[in-house]
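Here my numbering is used: the first residue of the sequence shown is 1, the next is one more, and so on.
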Amino acid sequence: MIGLAVSAKEISRQSKASDYRFIRVSGSNSSTNPLDYEYHPAEICLDTDPSKHCSAEWSEPTAPSVGDNPTGTMVAGSLQKGDRL
């Protein structure tokens, strides 16, 4: 019985999604379309233009590779305004 509890806990921990920040690389300044965002962990946003969506976090089931589009759900409140550096 203890073995089952440990196994279930381990499976639950492995299936949790993690949040990753994606940079907007195309689309309109107000886009939240996942196809307009790519994973580029070395890039950042400067808060120089509050009218542009620059990056946002998505909850992903697996770690993305550089250049991947998000496939999960955008994290509420994670949208960052500005220009891509």
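We treat Cβ as the ideally placed atom computed from N, Cα and C, and that holds for glycine.
- Beta-bridge pairing by DSSP links ALA56 to PHE22.
- Taking 8 Å as the upper bound for CB-CB distance, GLU57 and LEU85 are not in contact here, some 17 Å apart.
- Annotation for SER78: ALA56 and GLU57 place their beta carbon closer than 7 Å to its own, counting only its chain and skipping 5 residues before and after.
- Here the region 64-78 makes no contact with the region 46-53; the two share fewer than three CB pairs at distances below 8 Å.
- Taking every protein chain shown into account, the CB of PRO64 has 16 or more other CB atoms within 10 angstroms, so this residue is buried.
- Here PRO70 is buried. Its C-beta has 16 or more other C-beta atoms within 10 Å.
- At a Cβ-Cβ threshold of 8 Å, TYR39 and TYR20 count as neighbours.
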